[in-house]
Ligand code: SF4
Ligand code: SF4
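In the numbering used here, the protein residues as written are 100 to 450.
See below:
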């Protein structure tokens with residue numbers, strides 16, 4: 100994924116695709132579901148996956164609605180993996196069972212993200228730790244894919260401290276934990292109130308991996324303090340959002356633009372969208388698009404990115420020293436351009 104992102108400046112890296120808009124829940128803050136629509140048929144979904152692979156997409160995230168409601172989800176995942184792309188799934192986890200987890204293992208799922216909003220269900224959200232506890236234990240026991248539990252701050256929950264309890268439980272089960280910032284219906288996020296900001300910092304301190312995007316998320320660090328980000332959003336190019344009708348949109352909160360059918364989407368469209376400046380960018384809270392922008396920074400200025408990554412880690416852990424492996428990688432790829440070129444050529448041959 101890194102190799103492909105580095106090799107091609109404008110090619111799509113990440114696509115989010117919707118196999119079903121229907122959801123079994125109705126979170127009060129959500130504008131991405133209905134209670135009626137049918138699943139997209141399997142042949143149509145497979146054709147869309149093939150088209151994304153032909154455009155060079157490296158990571159395909161299946162979301163919804165609730166994607167586990169799709170009766171042929173595992174075949175969609177298999178198709179993603181058959182192209183050598185990374186298959187990820189965003190789910191509320193209500194429909195998980197030991198059998199379904201094993202089916203996802205067999206299909207080759209790489210990564211599952213579950214959002215949990217509170218400890219006890221309420222009228223805002225039923226995505227609750229207590230309700231999902233059993234499913235999380237099954238996942239810890241049986242899942243062969245990586246699991247991340249995401250909690251969201253900035254939504255109107257009664258007990259924002261629940262986000263920290265969710266993150267701690269996730270870590271105790273061996274999962275990753277992340278914290279997101281709520282956005283409105285046009286993707287815009289606002290500063291967190293002081294109490295939530297403290298919880299945000301506490302959750303961030305639970306992060307341990309050196310390479311985690313969480314350590315490097317300057318976008319989110321600014322947004323939680325109400326500061327705008329100066330960046331060029333490459334949605335429609337580096338990131339594609341494919342709705343249930345098979346149209347390409349900038350992202351989940353800017354549906355309608357460009358609104359071109361995926362079947363007709365070309366690399367010329369990608370180039371065109373790459374160049375467009377989006378007025379919604381400064382306060383944008385769509386973290387998956389931020390991540391593609393971070394990949395671009397790795398591509399354009401890897402040394403600075405690495406330095407920032409380490410400095411941010413030191414801000415929360417003053418004794419932190421970059422591991423030997425990381426220093427070795429920096430020597431190989433930053434100090435020796437010939438090795439970097441060979442690496443990209445070998446790992447980037449899929450395109
Ligand atoms: S579970 Fe997810 S898709 Fe369903 S209503 Fe809640 S946030 Fe929306
Ligand atoms: S800046 Fe990009 S990702 Fe953010 S809301 Fe606008 S189009 Fe979507």
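Each residue gets a CB set at the ideal place from its N, CA and C atoms; glycine is no exception.
Beta-carbon proximity list for residue i, same chain, < 6 Å, skipping 5 on both sides
| i | result |
| --- | --- |
| residue 281 | 251, 253 and 254 |
| residue 339 | 111, 114 and 347 |
| residue 211 | 188, 244 and 246 |
| residue 275 | 247 |
| residue 107 | none |
| residue 150 | 361 |
| residue 269 | 248 and 276 |
| residue 516 | Residue 516 lies beyond the stretch modelled for the chain, which goes from 100 to 450, so this question has no answer here. |
| residue 373 | 109, 333 and 336 |
N-terminal and C-terminal residue of the alpha helix (DSSP H) that residue i is part of
| i | result |
| --- | --- |
| residue 373 | 366-374 |
| residue 204 | 197-206 |
| residue 321 | 317-323 |
| residue 181 | 172-181 |
| residue 296 | 293-304 |
Opening and closing residue of the beta strand (DSSP E) in which residue i lies
| i | result |
| --- | --- |
| residue 389 | Not the beta strand (DSSP E): residue 389 falls in the alpha helix (DSSP H), residues 386-399. |
| residue 114 | 113-116 |
| residue 340 | 338-341 |
| residue 277 | 275-280 |
| residue 355 | Per DSSP, residue 355 belongs to no beta strand (DSSP E) and is neither H nor E. |
| residue 348 | 346-348 |
8 Å Cβ shell around residue i - same chain, five flanking residues per side excluded
| i | result |
| --- | --- |
| residue 257 | 217, 221 and 223 |
| residue 136 | 119, 120, 121, 164 and 343 |
| residue 237 | 195, 196, 197 and 200 |
| residue 509 | One cannot answer for residue 509 here, as it falls past the ends of the chain, which runs 100 to 450. |
| residue 141 | 171, 174 and 175 |
| residue 403 | 396 |
| residue 368 | 335, 347, 357 and 359 |
| residue 123 | 165, 168, 191, 193 and 194 |
| residue 448 | Here residue 448 scores only 46 on pLDDT, less than 50, and its place in the model should not be relied on; the value that follows carries that caveat. Contacts found: none. |
| residue 143 | 345 |
Short Cβ contact (8 Å threshold) for residue i with residue j
| i | j | result |
| --- | --- | --- |
| residue 273 | residue 239 | yes |
| residue 213 | residue 190 | yes |
| residue 376 | residue 333 | no |
| residue 358 | residue 286 | no |
| residue 160 | residue 370 | no |
| residue 382 | residue 436 | no |
| residue 388 | residue 350 | yes |
| residue 184 | residue 152 | yes |
| residue 179 | residue 148 | yes |
| residue 294 | residue 259 | yes |
| residue 378 | residue 319 | no |
| residue 265 | residue 228 | yes |
| residue 345 | residue 361 | yes |
| residue 215 | residue 263 | no |
| residue 154 | residue 364 | yes |
| residue 391 | residue 317 | no |
| residue 325 | residue 290 | yes |
| residue 413 | residue 419 | yes |
Beta-carbon contacts of residue i that lie in its chain and below 7 Å, excluding the five residues immediately before and after
| i | result |
| --- | --- |
| residue 355 | 348 |
| residue 234 | 192 and 195 |
| residue 261 | 217 and 218 |
| residue 207 | 176, 177, 180 and 186 |
| residue 409 | 421 |
| residue 230 | 220 |
| residue 133 | 120 and 121 |
| residue 162 | 115, 117 and 189 |
| residue 352 | 282, 284, 285, 286 and 385 |
Quiz prompt | Residues passing the C-beta test against ligand 2 heavy atoms, cut-off 6 Å | solution = Having a Cβ closer than 6 Å to some heavy atom of ligand 2 are 286, 332, 334, 349, 350, 352, 353, 377, 379, 380, 383, 385 and 388.
Exercise. Counting only runs of 4+ residues fully inside the stretch 124-166, write out the alpha helix (DSSP H) ranges in chain order.
Key: 141-154
Practice problem: At 3 residues or longer, and completely inside the stretch 190-268: list those beta strand (DSSP E) runs for me, N to C. | Solution: 210-214 and 245-252
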